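Colleague: Residue 18 in numbering that gives the first Met the number 0 sits at position 19 of the sequence shown, and the numbers go up by one each step.
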Amino acid sequence: MIILYDCATAPSPRRARIFLAEKGVAHETVQVDLKNSEQLSSAYQKINPQCTVPALRTEEGTVLADNAAITAYLEARYPEPPLLGITPNQKAQIASWNWRVEFEGLMAVAEALRNSAPAMANRALPGQMDYPQIPELAQRGLARLQQFFGMLDERLADRNFIATDSFSVADITAVVAVDFARVVRIKPGEQHPHLQRWRAAMAQRASMTF
(Lines of atoms letter the chains of each structure in order from A; the text may use other names.)
(Lines give C-alpha, C1' and ligand atoms only; values in the text may rest on other atoms or scores of the structure.)
Protein backbone atom coordinates (compact mmCIF):
# COMPACT_ATOMS: atom_id res chain seq x y z
CA MET A 0 0.00 0.00 0.00
CA ILE A 1 1.20 3.49 -0.84
CA ILE A 2 1.61 5.76 2.21
CA LEU A 3 1.55 9.55 2.04
CA TYR A 4 3.21 11.43 4.88
CA ASP A 5 1.10 14.54 4.94
CA CYS A 6 0.23 17.71 6.83
CA ALA A 7 -3.29 18.94 6.19
CA THR A 8 -2.39 22.61 6.64
CA ALA A 9 0.76 22.74 4.48
CA PRO A 10 0.86 23.59 0.75
CA SER A 11 3.50 21.14 -0.46
CA PRO A 12 1.71 17.94 0.60
CA ARG A 13 -1.52 19.36 -0.81
CA ARG A 14 0.08 19.15 -4.24
CA ALA A 15 0.63 15.42 -3.70
CA ARG A 16 -2.90 14.94 -2.35
CA ILE A 17 -4.47 16.56 -5.40
CA PHE A 18 -2.25 14.55 -7.75
CA LEU A 19 -3.19 11.29 -6.02
CA ALA A 20 -6.88 12.24 -6.15
CA GLU A 21 -6.72 13.06 -9.86
CA LYS A 22 -5.11 9.67 -10.47
CA GLY A 23 -7.59 7.88 -8.22
CA VAL A 24 -4.77 6.09 -6.40
CA ALA A 25 -5.71 4.34 -3.17
CA HIS A 26 -3.30 5.12 -0.33
CA GLU A 27 -2.93 5.48 3.38
CA THR A 28 -2.20 8.85 4.98
CA VAL A 29 -0.02 9.59 7.99
CA GLN A 30 -0.30 13.12 9.36
CA VAL A 31 2.94 14.83 10.40
CA ASP A 32 2.42 17.65 12.91
CA LEU A 33 4.54 20.50 11.56
CA LYS A 34 3.20 22.94 14.14
CA ASN A 35 4.83 20.89 16.89
CA SER A 36 7.94 20.12 14.80
CA GLU A 37 7.20 16.42 14.40
CA GLN A 38 9.09 16.55 11.09
CA LEU A 39 12.28 17.10 13.09
CA SER A 40 11.74 14.09 15.37
CA SER A 41 14.12 11.17 15.23
CA ALA A 42 11.23 8.89 14.26
CA TYR A 43 10.33 10.95 11.21
CA GLN A 44 13.98 11.48 10.27
CA LYS A 45 14.22 7.70 9.87
CA ILE A 46 11.46 7.97 7.26
CA ASN A 47 12.64 11.17 5.57
CA PRO A 48 16.04 12.55 6.62
CA GLN A 49 15.19 15.81 4.81
CA CYS A 50 12.59 16.50 7.54
CA THR A 51 9.99 17.71 5.05
CA VAL A 52 6.55 16.77 3.80
CA PRO A 53 5.25 15.34 1.63
CA ALA A 54 6.99 11.99 1.57
CA LEU A 55 5.57 9.00 -0.24
CA ARG A 56 6.36 5.38 0.54
CA THR A 57 5.79 3.43 -2.66
CA GLU A 58 4.40 -0.06 -2.98
CA GLU A 59 8.00 -1.19 -3.50
CA GLY A 60 9.04 0.38 -0.19
CA THR A 61 11.00 3.33 -1.57
CA VAL A 62 10.48 6.68 0.15
CA LEU A 63 10.18 9.65 -2.22
CA ALA A 64 10.83 12.93 -0.42
CA ASP A 65 9.72 15.66 -2.83
CA ASN A 66 6.89 16.47 -5.22
CA ALA A 67 9.08 16.09 -8.31
CA ALA A 68 9.85 12.47 -7.47
CA ILE A 69 6.31 11.74 -6.30
CA THR A 70 4.70 13.01 -9.50
CA ALA A 71 7.24 11.24 -11.70
CA TYR A 72 6.62 7.94 -9.91
CA LEU A 73 2.83 8.20 -9.91
CA GLU A 74 2.69 9.22 -13.57
CA ALA A 75 4.83 6.23 -14.56
CA ARG A 76 3.02 3.81 -12.25
CA TYR A 77 -0.48 5.09 -13.02
CA PRO A 78 -0.37 6.71 -16.48
CA GLU A 79 -4.09 7.50 -16.71
CA PRO A 80 -5.14 10.22 -16.74
CA PRO A 81 -1.88 11.75 -18.00
CA LEU A 82 -0.91 14.80 -15.95
CA LEU A 83 2.64 15.34 -17.23
CA GLY A 84 1.78 15.38 -20.93
CA ILE A 85 1.73 12.81 -23.74
CA THR A 86 3.67 14.28 -26.66
CA PRO A 87 7.24 15.57 -26.34
CA ASN A 88 6.00 19.15 -26.76
CA GLN A 89 3.31 18.72 -24.10
CA LYS A 90 5.78 17.21 -21.67
CA ALA A 91 8.17 20.11 -22.23
CA GLN A 92 5.49 22.79 -21.86
CA ILE A 93 4.07 21.25 -18.69
CA ALA A 94 7.51 20.78 -17.12
CA SER A 95 8.43 24.37 -17.94
CA TRP A 96 5.24 25.90 -16.60
CA ASN A 97 5.20 23.72 -13.50
CA TRP A 98 8.70 24.87 -12.64
CA ARG A 99 7.84 28.49 -13.36
CA VAL A 100 4.77 28.39 -11.11
CA GLU A 101 6.77 26.71 -8.37
CA PHE A 102 9.66 29.19 -8.59
CA GLU A 103 7.72 32.41 -9.18
CA GLY A 104 4.65 31.54 -7.11
CA LEU A 105 5.14 28.98 -4.36
CA MET A 106 8.67 30.05 -3.56
CA ALA A 107 7.62 33.70 -3.44
CA VAL A 108 4.93 32.93 -0.85
CA ALA A 109 7.36 30.85 1.18
CA GLU A 110 9.91 33.65 1.00
CA ALA A 111 7.38 36.18 2.27
CA LEU A 112 5.97 33.94 5.01
CA ARG A 113 9.10 32.31 6.35
CA ASN A 114 10.97 35.59 6.61
CA SER A 115 8.20 37.42 8.48
CA ALA A 116 6.09 35.03 10.59
CA PRO A 117 7.08 35.11 14.30
CA ALA A 118 6.41 31.38 14.55
CA MET A 119 9.13 30.77 11.97
CA ALA A 120 11.84 32.83 13.59
CA ASN A 121 15.15 31.07 12.87
CA ARG A 122 13.25 28.64 10.59
CA ALA A 123 13.43 30.64 7.35
CA LEU A 124 14.08 27.48 5.33
CA PRO A 125 12.63 23.97 5.74
CA GLY A 126 14.76 21.02 6.75
CA GLN A 127 17.10 20.15 9.59
CA MET A 128 19.12 23.35 9.67
CA ASP A 129 18.05 26.60 11.33
CA TYR A 130 18.36 29.77 9.26
CA PRO A 131 17.57 33.31 10.45
CA GLN A 132 14.84 35.39 8.87
CA ILE A 133 15.78 38.19 6.48
CA PRO A 134 13.02 40.84 6.49
CA GLU A 135 14.07 42.18 3.09
CA LEU A 136 13.32 38.78 1.57
CA ALA A 137 9.79 38.93 2.96
CA GLN A 138 9.23 42.22 1.13
CA ARG A 139 10.73 40.81 -2.03
CA GLY A 140 8.45 37.79 -1.81
CA LEU A 141 5.37 40.02 -1.66
CA ALA A 142 6.54 41.97 -4.70
CA ARG A 143 7.24 38.75 -6.59
CA LEU A 144 3.73 37.52 -5.80
CA GLN A 145 2.11 40.57 -7.31
CA GLN A 146 4.15 40.04 -10.46
CA PHE A 147 3.23 36.34 -10.45
CA PHE A 148 -0.50 37.01 -10.29
CA GLY A 149 -0.24 39.45 -13.17
CA MET A 150 1.73 36.95 -15.23
CA LEU A 151 -0.80 34.16 -14.60
CA ASP A 152 -3.71 36.43 -15.48
CA GLU A 153 -2.08 37.32 -18.79
CA ARG A 154 -1.29 33.66 -19.49
CA LEU A 155 -4.92 32.66 -18.88
CA ALA A 156 -6.45 35.44 -21.00
CA ASP A 157 -7.26 33.06 -23.88
CA ARG A 158 -6.91 29.60 -22.37
CA ASN A 159 -8.49 27.32 -19.77
CA PHE A 160 -5.34 25.65 -18.42
CA ILE A 161 -1.89 26.86 -17.46
CA ALA A 162 0.42 24.82 -19.68
CA THR A 163 -1.43 23.07 -22.52
CA ASP A 164 -5.03 22.58 -23.67
CA SER A 165 -5.76 20.09 -20.87
CA PHE A 166 -5.47 19.88 -17.09
CA SER A 167 -1.97 19.08 -15.86
CA VAL A 168 0.32 19.14 -12.85
CA ALA A 169 1.03 22.80 -13.68
CA ASP A 170 -2.58 23.61 -12.80
CA ILE A 171 -2.25 21.70 -9.53
CA THR A 172 0.86 23.66 -8.57
CA ALA A 173 -0.78 26.94 -9.58
CA VAL A 174 -3.92 26.28 -7.53
CA VAL A 175 -1.82 25.54 -4.46
CA ALA A 176 0.33 28.64 -5.04
CA VAL A 177 -2.65 30.95 -5.49
CA ASP A 178 -4.41 29.57 -2.41
CA PHE A 179 -1.23 29.58 -0.31
CA ALA A 180 -0.75 33.29 -1.03
CA ARG A 181 -3.67 34.01 1.28
CA VAL A 182 -1.40 33.41 4.27
CA VAL A 183 0.43 36.63 3.36
CA ARG A 184 -2.86 38.40 2.58
CA ILE A 185 -2.53 38.37 -1.20
CA LYS A 186 -5.25 36.99 -3.47
CA PRO A 187 -6.49 37.56 -7.01
CA GLY A 188 -8.43 40.82 -7.34
CA GLU A 189 -10.63 42.49 -9.92
CA GLN A 190 -7.49 43.27 -11.90
CA HIS A 191 -7.06 39.50 -12.43
CA PRO A 192 -10.34 38.45 -14.15
CA HIS A 193 -8.81 35.57 -16.12
CA LEU A 194 -7.05 34.18 -13.05
CA GLN A 195 -10.30 34.39 -11.07
CA ARG A 196 -12.22 32.60 -13.84
CA TRP A 197 -9.63 29.83 -13.98
CA ARG A 198 -9.60 29.39 -10.18
CA ALA A 199 -13.40 29.15 -10.12
CA ALA A 200 -13.24 26.46 -12.81
CA MET A 201 -10.58 24.56 -10.86
CA ALA A 202 -12.86 24.59 -7.80
CA GLN A 203 -15.30 22.40 -9.71
CA ARG A 204 -12.81 19.52 -9.77
CA ALA A 205 -13.41 16.98 -7.00
CA SER A 206 -9.67 16.71 -6.31
CA MET A 207 -9.49 20.30 -5.12
CA THR A 208 -11.22 19.42 -1.85
CA PHE A 209 -8.24 17.30 -0.84
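By construction, the Cβ of each residue, glycine as well, lies at the ideal position given by its N, Cα and C atoms.
Remember, it's a predicted structure, so these values are computed and weren't measured experimentally.
For M128, which residues in the same chain have their Cβ closer than 6 Å to its Cβ, ignoring the five residues on either side in sequence?
Modeller: none
Colleague: For T8, which option in M0, V52 and L39 has the closest C-alpha, if you only look at C-alpha atoms?
Modeller: V52
Colleague: I think V174 touches F18, with their Cβ atoms under 8 Å apart; what is that distance to the nearest whole Å?
Modeller: Cβ atoms of V174 and F18 stay farther apart than 8 Å, at about 11 Å.
Colleague: Take the Cβ of D164 as the centre, count every other Cβ of all protein chains shown within 10 Å, and call the residue buried at 16 or more, exposed below.
Modeller: exposed
Colleague: Would you mind reading off the limits of the alpha helix (DSSP H) that contains D5?
Modeller: Counting along the chain, D5 falls outside any alpha helix (DSSP H), though it belongs to the beta strand (DSSP E) covering I2 to D5.
Colleague: R16 to A205, Cα distance in whole Å?
Modeller: 12 Å
Colleague: For Q92 versus A162, is the C-beta spacing smaller than 7 Å?
Modeller: yes
Colleague: I'd like to know whether the C-beta atoms of V183 and A111 end up nearer to each other than 7 Å.
Modeller: Against a cut-off of 7 Å, the Cβ pair of A111 and V183 comes out as a contact.
Colleague: Which whole-angstrom value is the C-beta distance of E58 and I1, which I expect to be below 8 Å?
Modeller: 6 Å
Colleague: In terms of DSSP beta bridges, what is V29 paired with?
Modeller: Y4
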